[in-house]
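Okay, so here's the structure we're looking at.
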Amino acid sequence: MKRRSWPLLSILVFGYAFLYVPILLLILYSFNESRLVTVWSGFSLKWYGELLHNRQLLDAAWLSVRIAALNASVAVVLGTLAANALVRHGRFRGRTGLELLLTAPLVMPDVIIGLSLLLLFVTLQQTVGWPDGRGFSTITIAHITFSLAYVAVVVRSRLARMDVSLEEAAMDLGARPLTVYLRITLPLIAPALLSGWLLAFTLSLDDLVIASFVSGPGATTLPMVIYSSVRMGVSPQINALATLVVALVAVAVVIAGLSMRRR
Amino acid sequence: MSHRHSHRLSRLLNIGLPYFWLGLFFLLPFVMVLRISLAEPTLAQPPYTALWEWVEQGVLQIRLNLANFQLLREDDIYLAALLNSLWVALVGTVCCLLLGYPMAYAIATAPERRRILLLMLIILPFWTSFLIRVYAWIGLLNANGLLNTFLLWLGVIDEPLKILHTQMAVYIGVVYSYLPFMILPLYANLTRLDPTLLEAAADLGCRPFRAFLRVTLPLSMPGIVAGSMLVFIPVVGEFVIPDLLGSPGSLMIGKLMWTEFFANKDWPLASALAIVLLAVLVVPFVLMQRLQQDDEGTRT
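Shown next as structure tokens:
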């Protein structure tokens, strides 16, 4: 190992501090008794208590979790199909088109996706009568549309690096392609499916802009509630919520890390 | 079921289903945006006029309204917003690159067992809410926020700096939120580089820094472009960061679209803005796509 240069090391330290100090301060001040950010007036859990009694916020969180779970499950199926197409079907007609359709949602600004999908839903409702009203279903469809592109990226790289000799062996022994896919391929790419699912879940849980466009009256997701309370200024309840989110993510990452090490 | 039969079925599923979904819910919506951008706003539900209607038996009347695009051209506010968005995205991308490249390089050259942890720490913030992370900066950058309190306490400044609700806060927010998107492709690229090239340069008497400039930097160009596009394109249309951290008067096209849509209820004008934004982003997008395909071509 070469000796590391100190300018590089200091940039690395600065970079990680830049990424983590805001989050750590958010967590610290969620335990602050005072409403003010700059005054530390003692340890308190009262903001967590208020959070648990905030009916509007809890309802919104439950709606968001339901949307996120359905979105992630559908996106994993569609994203895996798309990854199969790109890795397993060689140079089919329309391949470039599919690649384009799978890359564009990754970078497309949210305001464009949101507005364009809303206009589609409105037009469909006028012409074919579906969707009947906007809310849970339209938000879920919108989220699947961009989530599946992220899932495809994750599953595709795993499929491309996979050792095909196991599949060939099964094939040689007379197993049908579908059996091979279900019994050999899927278990081998399972970690990618899991991280794709989790990624799609968090992307959905996080989305404010697209959901705001395609939602209807009565369907308020968690980011919409956070956004409207953040616009009013700093709110310790949001700090408490952020702390819970970070804790949840940390636990999930540790579990995922441990289970992967065991493999 | 014969093998050939099942192969056709699998093609239909694997290629057809994603195509169908993305065609219906990603491509077709753009046609709708184009259509509505040529309509007129009215007080109705939905708030725009129809493009065509049957006036009488066999007579179809089509009305295309170009006034929205004319307004975008004539009112300076829209051009200013577009230019400002591009500028913010450019500055944000350059800052991400200046901070992200050394970080990606340091991670890629770290001992292998530490690399995973370092990379994990880059990805982790990405999993917590984007909205909440932007919100965290409000408390930090406030006039009586933590940064100002800290600097006053140090004695570096005599009165609080006004950072929140300025362009500076938008830059900070952009770099903070998009840094992982710059680091990940750079890291992937740098770890794929052949280390023997650097050894060869060293053997030939090339100093490390010079070898970096002549060998590593040019070879990492695909990573630089990929990371830059992943930051630049979405930031041009960013809404949350300028809305929460920027000044109320600062103009970015994503925020303007939001206002036209939600506050002014002018769907046709918002659509026209979306069309302009799309047209501007086509060039960087094609650049990114090209590069990606070249990269795959050389790998396989």
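Protein chains in written order, with the UniProt record's numbering: chain A, 1 to 263; chain B, 1 to 300.
Idealized CB from N, CA, C, for every residue including glycine.
Note that this is a predicted model, so its numbers are computed, not measured.
- Annotated three-state conformation of I184 (chain A) is helix, per DSSP.
- Take W54 (chain B), set aside five residues on each side of it, and the residues of its chain with a beta-carbon closer than 8 Å to its own are L60 and Q61, in chain order.
- For a Cβ distance threshold of 8 Å, residue set I23, A242, V245, V246 and V249 of chain A lies close to T128 (chain B), ordered along the chain.
- Rounded to whole angstroms, the gap between the alpha carbons of I275 (chain B) and S37 (chain B) is 8 Å.
- In this structure, G100 (chain B) sits near M182 (chain B), with a CB-CB distance shorter than 8 Å.
- With 16 or more other Cβ atoms inside 10 Å of its own Cβ, R158 (chain A) counts as buried.
- Counting only residues of its own chain and dropping the five nearest sequence neighbours on each side, V87 (chain A) has a CB closer than 8 Å to the CB of R156, L159 and A160.
- With fewer than three CB-CB distances shorter than 8 Å, the stretch 257-277 of chain B does not count as touching the stretch 229-240 of chain A.
- With 16 or more other Cβ atoms from the protein chains shown falling within 10 Å of its own Cβ, G223 (chain B) counts as buried.
- Judged by DSSP secondary structure, E112 (chain B) falls within the alpha helix (DSSP H) whose first and last residues are E112 to W127.
- In this structure, DSSP gives V234 (chain A) a state outside helix and strand, which the three-state scheme calls coil.
- Contact between V235 (chain B) and V174 (chain B) is confirmed by a C-beta separation of about 6 Å, below the 8 Å threshold.
- Short of 8 Å from the beta carbon of L287 (chain B), and not among the five residues preceding or following it, lie these beta carbons of its own chain, in chain order: V225 and M229.
- Annotation for A75 (chain A): I144, S147, L148, V151 and A200 place their beta carbon closer than 6 Å to its own, counting only its chain and skipping 5 residues before and after.
- Beta-carbon to beta-carbon, L90 (chain B) and V240 (chain B) are separated by about 19 Å, too far to satisfy the 8 Å threshold.
- Non-local beta-carbon contacts of S34 (chain A) in its own chain, meaning distances under 6 Å to residues more than five positions away in sequence, involve S41 in chain order.
- If you look at L43 (chain B), you'll find it isn't in any beta strand (DSSP E); DSSP assigns it neither H nor E.
- Among the bridge pairs identified by DSSP, W54 (chain B) is matched with B:L60.
- Not a single C-beta of chain A is nearer than 8 Å to the C-beta of P222 (chain B).
- The C-alpha of I163 (chain B) is placed about 13 Å away from the C-alpha of P242 (chain B).
- Distances from the alpha-carbon of L251 (chain B) to those of B:L86, B:P47 and B:N68 put B:L86 closest.
- Ranked by how close their Cα comes to the Cα of T128 (chain B), the residues A:L12, A:A256 and A:A242 have A:A242 in first place.
- Counting every other CB atom within 10 Å of its CB across the protein chains shown gives D203 (chain B) a total below 16, marking it as exposed.
- At least one CB atom of chain B sits nearer than 8 Å to the CB of T145 (chain A).
- When beta bridges are read from the DSSP output, F43 (chain A) appears opposite A:N32.
- The beta carbons of N14 (chain B) and A39 (chain B) sit no closer together than 8 Å.
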